[in-house]
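Protein chains: 2
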Amino acid sequence: MEIQLLCVGKTDRSFWHDAVEEYEKRLRYFIKFSIIYITDVKSYKKTTSRKIKEDEAKLIFQKIKSEDVVILLDEKGKSFSSLDFSKEVEHYMVSGNKKIVFIIGGAFGFDDTIYEKFSKKMCLSTMTFSHQMVRLFFCEQLYRAFTIINNHPYHNN
Amino acid sequence: MEIQLLCVGKTDRSFWHDAVEEYEKRLRYFIKFSIIYITDVKSYKKTTSRKIKEDEAKLIFQKIKSEDVVILLDEKGKSFSSLDFSKEVEHYMVSGNKKIVFIIGGAFGFDDTIYEKFSKKMCLSTMTFSHQMVRLFFCEQLYRAFTIINNHPYHNN
Numbered sequence: 001m002e003i004q005l006l007c008v009g010k011t012d013r014s015f016w017h018d019a020v021e022e023y024e025k026r027l028r029y030f031i032k033f034s035i036i037y038i039t040d041v042k043s044y045k046k047t048t049s050r051k052i053k054e055d056e057a058k059l060i061f062q063k064i065k066s067e068d069v070v071i072l073l074d075e076k077g078k079s080f081s082s083l084d085f086s087k088e089v090e091h092y093m094v095s096g097n098k099k100i101v102f103i104i105g106g107a108f109g110f111d112d113t114i115y116e117k118f119s120k121k122m123c124l125s126t127m128t129f130s131h132q133m134v135r136l137f138f139c140e141q142l143y144r145a146f147t148i149i150n151n152h153p154y155h156n157n
Numbered sequence: 001m002e003i004q005l006l007c008v009g010k011t012d013r014s015f016w017h018d019a020v021e022e023y024e025k026r027l028r029y030f031i032k033f034s035i036i037y038i039t040d041v042k043s044y045k046k047t048t049s050r051k052i053k054e055d056e057a058k059l060i061f062q063k064i065k066s067e068d069v070v071i072l073l074d075e076k077g078k079s080f081s082s083l084d085f086s087k088e089v090e091h092y093m094v095s096g097n098k099k100i101v102f103i104i105g106g107a108f109g110f111d112d113t114i115y116e117k118f119s120k121k122m123c124l125s126t127m128t129f130s131h132q133m134v135r136l137f138f139c140e141q142l143y144r145a146f147t148i149i150n151n152h153p154y155h156n157n
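Here the protein sequences line up with chains R and P, keeping their order.
So the first sequence is residues 1 to 157, counted in this note's numbering.
So the second sequence is residues 1 to 157, counted in this note's numbering.
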């Protein structure tokens, strides 16, 4: 199985980038994992947030194959404990799925066409975080999930 | 008013440290803010987690004055939205409190004496995070709270 994280927004060349890269590296020890960055849709003065979301949705759809399992990171999604999230990931692995794609939306969230197409949603926190933080947050949780699945001592640190 | 974040555990000299420092700096624009690190209690082979928590609790109590408002960051605590958390912080500010102390416990959590003394608990996520991540997570939320209170555009980024 392969896991992809699809992010709308700029790549950041700071400590955020270094931190995310650290977890990317660690994750690859357990699974084929990659992060795909979809560049922000340019917003001109007269561009509405609705138009931006529509354009971002088109770019997201281009990256998804029909057989992919897609999970949106969304504040309206299901909350998990780290243990339950690891069970969820393990469930996808043993169910013969080829690829799971987690998607972090842009600054204005997801377009309705995305919600209509993909019903699986998970919520990392009831709080709102910067996009860089959500990426880091997610990568750490996914790494933690694999350490739980593989009985690696990290989770009890 | 003053806000302190009391952390049990080592100071980290990596991207975690840089990221936390960035939010520390930004927070000081809005409020007197400091992070106090309580060094891990040394764990020898025969030290139990209970003994470690007891020793850490003693060090925590030394740092708290009777008039301080204390809030434990704890998985059994109340979940907030970022907006509700900002209202909570604002509430403490207008209620004439001199200092609020948020505490992040050590690797084994808090000793029972801490729970008995301090009843206010808040939960950042249903998921478990590394201690470095929780510090960063909290500092970003506190900064976000002050940007909301002060109508700074950060929260809508």
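Ideal placement from N, C-alpha and C gives every residue a C-beta, glycine not left out.
Burial state of residue i (16 or more Cβ within 10 Å)
| i | result |
| --- | --- |
| H131 of chain R | buried |
| Y29 of chain P | exposed |
| V20 of chain P | buried |
| I36 of chain P | exposed |
| T47 of chain P | exposed |
Reference residue i, options the options, closest by Cα
| i | options | result |
| --- | --- | --- |
| N136 of chain P | P:Q4, P:V70, P:W16 and P:M1 | Correcting the residue identity first, residue 136 of chain P is Leu in this sequence and not Asn. Closest option to L136 of chain P, Cα to Cα, is P:W16. |
| G106 of chain R | R:I3, R:K32 and R:I38 | R:I38 |
| E2 of chain P | P:H155, P:L142 and P:I148 | P:L142 |
| N151 of chain P | P:G109, P:L83, P:E21 and P:I103 | P:L83 |
| I100 of chain R | R:I149, R:D111, R:V70 and R:F61 | R:V70 |
| A57 of chain R | R:I104, R:T128 and R:E67 | R:I104 |
| L124 of chain P | R:D18, R:L5, R:F80 and R:I60 | R:F80 |
| G9 of chain P | P:D55, P:D68 and P:E22 | P:D55 |
| F110 of chain P | P:E24, P:E75, P:V94 and P:M133 | P:E75 |
| I114 of chain R | R:Q62, R:M133 and R:D18 | R:Q62 |
| Q4 of chain R | R:F102, R:F108 and R:M133 | R:F102 |
Interface residues of chain P facing residue i [CB-CB closer than 9 angstroms]
| i | result |
| --- | --- |
| S81 of chain R | E75, T126, M127 and T128 |
Length of the line joining the Cα atoms of residue i and residue j
| i | j | result |
| --- | --- | --- |
| T126 of chain P | S34 of chain R | 25 angstroms |
| D112 of chain P | K53 of chain P | 9 angstroms |
| K78 of chain R | E140 of chain P | 23 angstroms |
| K32 of chain R | R144 of chain R | 15 angstroms |
| N97 of chain P | C7 of chain P | 21 angstroms |
| I158 of chain P | S49 of chain P | Since the first residue shown for chain P is 1 and the last is 157, residue 158 of chain P is missing from the structure and cannot be characterised. |
| K51 of chain P | L73 of chain R | 40 angstroms |
| S26 of chain P | F138 of chain P | The question names Ser, but residue 26 of chain P in the sequence shown is Arg. In a straight line, the C-alpha of R26 of chain P is about 13 angstroms away from that of F138 of chain P. |
| S14 of chain R | S66 of chain P | 41 angstroms |
| F129 of chain R | V94 of chain R | 32 angstroms |
| H155 of chain P | I148 of chain P | 6 angstroms |
| P153 of chain P | F146 of chain P | 11 angstroms |
| D68 of chain R | F108 of chain R | 24 angstroms |
Beta-carbon neighbours of residue i, restricted to chain R and to distances below 7 angstroms
| i | result |
| --- | --- |
| F15 of chain P | F15, D18 and A19 |
Neighbouring residues, chain P, relative to residue i (Cβ below 7 angstroms)
| i | result |
| --- | --- |
| M133 of chain R | E140 |
| F146 of chain R | Residues of chain P passing the Cβ test: none, with the nearest at roughly 14 angstroms. |
Taking 8 angstroms as the cut-off, does the stretch 108-128 of chain R touch the stretch 89-96 of chain R (at least 3 CB pairs, one atom from each stretch)? Touching, no, given that fewer than three Cβ pairs across the two stretches are closer than 8 angstroms.
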